[in-house]
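If you read the sequence shown in this note's numbering, its first letter stands for residue 688, the second for the next number, and so on.
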Amino acid sequence: MPNRHAARSPIRPDTLAASFATSYAGVLAFVSVVNAGSFARAADRLGIGRSAVSRSVQKLEGQLGTRLLQRNTRNITLTSEGEMFYDACLPGVDGITRAMDEVRDLRDGPPQGHLRISAGQGFGRQVVAPLLLEFQARFPGISLELLLDEAPTDLAANRIDIAFREGPLEDSDVIARRLANLRTQVFASPDYARRHGLPTSVDHLAGHSCINLRLPSGRLQPWRFRVDGRARSFTPMPRLVFNDASLVLQSVLAGQGLAQLVACEADDELRAGRLVACLSDAAAEDSSHYLCYLGRKHQPKRVRAFVDFVIERVRVVA
C-alpha cells in the first residue's frame, strides 16, 4: 500500500530556473510586442533577433495554454486573454524597468533611457517639438516620444514622464513647475480684414465669422478678455469648429474667419505678415503653462535633465 505521507520529489532547481527564465523572457517579449506593434520593432527595442522574440512569446503561450496574440501578415492584435494578461503584467514590467533605470541612474554617467512627453496640440507643435532636437543633441542617450493630446493626463496610468498643461494637474503626486506666461489674442488673415474689417470691441465679434476649438470635454472653448479692468468670457457662435488647434490656425490663415489663439502659436505667421491681430486693448491677462511630472524620492537623471533644459529654454521660446 502506497505511503500517502511519503515526501514528494522536490522540484529540481534547474527546472524551476528554466521555467522562470522562460516566463520572464516571454512576458517581457510579449509586452514589448504589444507596445511596439510588431515583432520586428520589439526585437529592435530589446536588442535581440525577431525569431528570439517570437519563440519567447510562443513558449509563454504554451505555458499558459492559450493564445495571447492574433498574428497575420499585416498586423498583430490581442486576444481577449491577451488583453487581460497584458493589463495584469504591464505594471510589473514597468516597475521592473523603472527600477532598473533608476538604479543605473545612481551610477556615474550621462542621462539615458526613454522619455514619454505629453502636451496640448498647439503648444506641443509650436513650443515643445522644436526643443526636442536640441535636447537630443545635448543628451544623445535619451530617446523621446511626444504625444499630442488636449485631454487631461493621468501620468502614472499612461506612463507619462513629463506633461505640459495649461494649469497644473490636480494630483497630489504631481509636481507642477510654472513656465513662461502665454498671451492669447484674436487673429485674422489680411485678406479677411480687407473683406470684412476687424472688430473694435468684444461685442462686435457677434457680427464676424469665428472659428473655435472644441475641448475634450465637448464644450466650445470660451474666449477670454479683459474689458474695463474686469475679466470677461465670450463664446462665439462659430462658423467652423475643430478639435485640433492647428486646423483652427490653418482656417484663419485661409481667410475663413477670426480665432483666439495662444500668441506663441501665431507669432511666426504674424511676423511674416500672414496674420493680423485685433482687440489688443481687450486682451486677457496672460495664462500659464505648467511642466508636470511625478514626484519621486529618486528622480531619474533623464527627467531632471529634461526639466532643467525646458525651464532654461521655454522662457526664451514662449
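We treat Cβ as the ideally placed atom computed from N, Cα and C, and that holds for glycine.
Query	Result
Looking only at its own chain, which residues have a Cβ that is under 8 Å from the Cβ of Ser719, when we skip the five neighbours before and after it?	Ala729, Arg732, Leu733 and Val740
Taking the DSSP output, what are the residues bridged to Cys965?	Val873
Report the option in Ser967, Pro923, Leu820 and Phe912 whose CA atom is closest to the CA atom of Ser896.	Pro923
Please confirm whether Ala775 and Leu747 have their CB atoms less than 9 Å apart.	no
Which same chain residues end up closer than 7 Å to Gly769 when comparing Cβ atoms and leaving out the 5 residues on each side of it in sequence?	Leu755 and Leu756
Here's a check: name, in chain order, each residue in its chain whose Cβ is nearer than 6 Å to the Cβ of Ser696, leaving out the five neighbours to either side.	Its pLDDT being 47, under 50, Ser696 is placed unreliably by the model, and nothing is read from it.
Run the CB neighbour count on Arg989, radius 10 Å, all protein chains shown included, and call it buried at 16 or more, exposed below.	buried
Below 8 Å on the Cβ atoms is my contact criterion, and I expect Gln872 with Ser967 to pass it. Report the Cβ-Cβ distance as a whole number of Å.	7 Å
Report yes or no: do the stretch 828 to 837 and the stretch 947 to 960 share at least 3 C-beta pairs separated by less than 8 Å?	no
Can you list, in chain order, the residues of its chain whose CB lies under 7 Å from that of Phe726, leaving out five sequence neighbours each side?	Val720, Arg737, Val740 and Ser741
Could you spell out where the alpha helix (DSSP H) holding Phe726 opens and where it closes?	Phe726 to Leu733
What are the residues that DSSP puts in a beta bridge with Asn899?	Val928
Could you tell me which whole alpha helix (DSSP H) segments of length 4 or greater appear in the stretch 735 to 814?	737 to 751 and 767 to 793
From the DSSP secondary-structure annotation, give me the bridge partner or partners of Leu978.	Phe851 and Arg864
In whole angstroms, give me the CA-to-CA distance for Tyr879 and Cys965.	12 Å
Identify which residue in Glu837, Gly944, Ser710 and Gly749 has its Cα closest to the Cα of Arg882.	Gly944
What did DSSP end up calling Ser719 once you bin it into helix, strand or coil?	helix
Would you kindly report the start and end of the unbroken alpha helix (DSSP H) that includes Ala825?	The residue asked about is misnamed: residue 825 is Arg in this sequence, not Ala. Per DSSP, Arg825 belongs to the alpha helix (DSSP H) from Ala816 to Arg825.
In three-state DSSP terms, what is Glu999?	helix
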